[in-house]
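Asks: Under the UniProt record's numbering, think of the first position of the sequence shown as 1, with each following residue one higher. Note that the Cβ used here is the ideal one computed from N, Cα and C, for glycine as well. Quick caveat, the model's predicted, so the values are computed rather than measured.
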Amino acid sequence: QHGAPHWETFPKGIRWGHAKGGDPRTVSPAQITESTLEITQSSKDVDTARSTVLELRRTVQSLEIDLDSLRNQKAGLEGNLLEVENRYGLQLEQLGGLVGRAEAELVQARAELQRQADEYQALLNVKDKLEAEIATYRQLLEGGEEFRCAEAAGSHG
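#1: Work out the CA separation of L81 and T40 for me, nearest whole Å.
#2: In whole angstroms, give me the CA-to-CA distance for R87 and G76.
#3: How long is the line joining the alpha carbons of V60 and R50, rounded to whole angstroms?
#4: Please return the same chain residues whose Cβ sits closer than 8 Å to the Cβ of L140, not counting the five positions on each side in sequence.
#5: Less than 8 Å between C-beta atoms, sequence neighbours within five positions excluded: which residues of the same chain meet that for G144?
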(Lines of atoms letter the chains of each structure in order from A; the text may use other names.)
(Lines give C-alpha, C1' and ligand atoms only; values in the text may rest on other atoms or scores of the structure.)
Protein backbone atom coordinates (compact mmCIF):
# COMPACT_ATOMS: atom_id res chain seq x y z
CA GLN A 1 0.00 0.00 0.00
CA HIS A 2 3.04 2.21 0.17
CA GLY A 3 2.90 2.94 -3.56
CA ALA A 4 -0.91 3.10 -3.70
CA PRO A 5 -2.32 6.46 -4.88
CA HIS A 6 -4.23 8.63 -2.48
CA TRP A 7 -7.64 8.81 -4.17
CA GLU A 8 -8.72 12.14 -2.65
CA THR A 9 -6.11 13.87 -4.79
CA PHE A 10 -7.65 12.62 -8.05
CA PRO A 11 -10.36 14.56 -9.89
CA LYS A 12 -13.89 13.78 -8.82
CA GLY A 13 -14.76 11.71 -11.91
CA ILE A 14 -12.00 9.20 -11.24
CA ARG A 15 -12.69 9.20 -7.49
CA TRP A 16 -16.37 8.57 -8.15
CA GLY A 17 -15.57 5.50 -10.19
CA HIS A 18 -13.32 4.18 -7.45
CA ALA A 19 -15.75 5.05 -4.65
CA LYS A 20 -18.47 2.97 -6.32
CA GLY A 21 -16.23 0.00 -6.13
CA GLY A 22 -15.03 0.29 -9.69
CA ASP A 23 -11.49 -0.48 -10.70
CA PRO A 24 -9.50 2.65 -11.47
CA ARG A 25 -7.93 0.78 -14.38
CA THR A 26 -11.35 0.53 -16.01
CA VAL A 27 -12.09 4.25 -16.01
CA SER A 28 -13.67 5.31 -19.29
CA PRO A 29 -11.85 7.59 -21.74
CA ALA A 30 -14.65 10.16 -21.31
CA GLN A 31 -13.96 10.26 -17.59
CA ILE A 32 -10.24 10.68 -18.26
CA THR A 33 -10.94 13.46 -20.78
CA GLU A 34 -13.29 15.17 -18.34
CA SER A 35 -10.75 14.83 -15.55
CA THR A 36 -7.96 16.12 -17.80
CA LEU A 37 -10.10 19.13 -18.70
CA GLU A 38 -10.82 19.72 -15.01
CA ILE A 39 -7.12 19.49 -14.16
CA THR A 40 -6.20 21.79 -17.04
CA GLN A 41 -8.85 24.32 -16.00
CA SER A 42 -7.80 24.07 -12.36
CA SER A 43 -4.18 24.58 -13.39
CA LYS A 44 -5.18 27.62 -15.45
CA ASP A 45 -7.21 28.95 -12.52
CA VAL A 46 -4.22 28.48 -10.20
CA ASP A 47 -1.92 30.22 -12.70
CA THR A 48 -4.42 33.07 -13.05
CA ALA A 49 -4.71 33.34 -9.28
CA ARG A 50 -0.89 33.35 -8.94
CA SER A 51 -0.63 36.06 -11.58
CA THR A 52 -3.32 38.06 -9.83
CA VAL A 53 -1.57 37.65 -6.48
CA LEU A 54 1.78 38.71 -7.99
CA GLU A 55 0.14 41.69 -9.65
CA LEU A 56 -1.58 42.65 -6.40
CA ARG A 57 1.73 42.31 -4.50
CA ARG A 58 3.42 44.59 -7.03
CA THR A 59 0.53 47.04 -6.72
CA VAL A 60 0.76 46.93 -2.92
CA GLN A 61 4.54 47.49 -3.06
CA SER A 62 4.07 50.37 -5.48
CA LEU A 63 1.37 51.88 -3.26
CA GLU A 64 3.59 51.46 -0.18
CA ILE A 65 6.41 53.27 -2.00
CA ASP A 66 3.98 56.01 -3.01
CA LEU A 67 2.70 56.22 0.56
CA ASP A 68 6.24 56.51 1.95
CA SER A 69 7.01 59.16 -0.64
CA LEU A 70 3.86 61.09 0.27
CA ARG A 71 4.67 60.80 3.98
CA ASN A 72 8.16 62.16 3.34
CA GLN A 73 6.72 64.93 1.19
CA LYS A 74 4.18 65.75 3.91
CA ALA A 75 6.91 65.85 6.57
CA GLY A 76 8.98 68.14 4.35
CA LEU A 77 6.03 70.43 3.72
CA GLU A 78 5.17 70.52 7.42
CA GLY A 79 8.79 71.45 8.15
CA ASN A 80 8.65 74.20 5.53
CA LEU A 81 5.34 75.43 6.92
CA LEU A 82 6.76 75.59 10.43
CA GLU A 83 9.82 77.47 9.17
CA VAL A 84 7.64 79.94 7.25
CA GLU A 85 5.33 80.42 10.25
CA ASN A 86 8.32 81.09 12.49
CA ARG A 87 9.94 83.48 10.01
CA TYR A 88 6.74 85.41 9.37
CA GLY A 89 5.86 85.32 13.05
CA LEU A 90 9.19 87.01 13.79
CA GLN A 91 8.63 89.54 11.00
CA LEU A 92 5.12 90.17 12.32
CA GLU A 93 6.56 90.85 15.78
CA GLN A 94 9.12 93.24 14.27
CA LEU A 95 6.41 95.01 12.27
CA GLY A 96 4.26 95.19 15.39
CA GLY A 97 7.16 96.90 17.15
CA LEU A 98 7.56 99.34 14.26
CA VAL A 99 3.83 100.09 14.28
CA GLY A 100 3.93 100.60 18.05
CA ARG A 101 6.86 103.02 17.75
CA ALA A 102 5.17 104.85 14.86
CA GLU A 103 1.97 105.18 16.89
CA ALA A 104 3.94 106.50 19.86
CA GLU A 105 5.71 109.01 17.59
CA LEU A 106 2.34 110.04 16.16
CA VAL A 107 0.92 110.59 19.64
CA GLN A 108 4.02 112.60 20.52
CA ALA A 109 3.79 114.61 17.29
CA ARG A 110 0.11 115.35 17.93
CA ALA A 111 0.92 116.47 21.46
CA GLU A 112 3.74 118.70 20.15
CA LEU A 113 1.45 120.10 17.46
CA GLN A 114 -1.23 120.83 20.07
CA ARG A 115 1.37 122.48 22.32
CA GLN A 116 2.55 124.65 19.41
CA ALA A 117 -1.05 125.52 18.49
CA ASP A 118 -1.73 126.50 22.12
CA GLU A 119 1.47 128.57 22.20
CA TYR A 120 0.56 130.23 18.90
CA GLN A 121 -2.91 131.05 20.23
CA ALA A 122 -1.36 132.50 23.38
CA LEU A 123 0.99 134.62 21.25
CA LEU A 124 -1.96 135.80 19.13
CA ASN A 125 -3.78 136.79 22.32
CA VAL A 126 -0.70 138.72 23.53
CA LYS A 127 -0.40 140.38 20.11
CA ASP A 128 -4.07 141.38 20.18
CA LYS A 129 -3.65 142.85 23.68
CA LEU A 130 -0.50 144.69 22.65
CA GLU A 131 -2.20 146.07 19.55
CA ALA A 132 -5.12 147.20 21.71
CA GLU A 133 -2.72 148.89 24.15
CA ILE A 134 -0.83 150.53 21.28
CA ALA A 135 -4.11 151.80 19.87
CA THR A 136 -5.02 153.17 23.30
CA TYR A 137 -1.64 154.92 23.63
CA ARG A 138 -2.02 156.36 20.14
CA GLN A 139 -5.39 157.75 21.01
CA LEU A 140 -3.96 159.19 24.18
CA LEU A 141 -1.01 160.61 22.32
CA GLU A 142 -3.19 162.02 19.56
CA GLY A 143 -5.62 163.37 22.14
CA GLY A 144 -2.71 164.90 24.02
CA GLU A 145 -1.38 166.52 20.89
CA GLU A 146 -4.73 168.05 20.14
CA PHE A 147 -4.73 169.35 23.68
CA ARG A 148 -1.24 170.79 23.26
CA CYS A 149 -2.16 172.29 19.94
CA ALA A 150 -5.24 173.89 21.46
CA GLU A 151 -3.18 175.14 24.40
CA ALA A 152 -0.60 176.57 22.08
CA ALA A 153 -3.25 178.27 19.97
CA GLY A 154 -4.95 179.69 23.09
CA SER A 155 -1.80 181.27 24.47
CA HIS A 156 -1.02 183.01 21.23
CA GLY A 157 -4.37 184.46 20.78
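Replies: A quick look at the data gives this:
#1: Those two C-alpha atoms are separated by around 60 Å.
#2: For R87 and G76, the distance between alpha carbons rounds to 16 Å.
#3: Each residue's alpha carbon lies about 15 Å from the other.
#4: Cβ neighbours of L140 within its own chain (closer than 8 Å, five residues either side excluded): none.
#5: Taken in chain order, the list of residues that qualify is empty.
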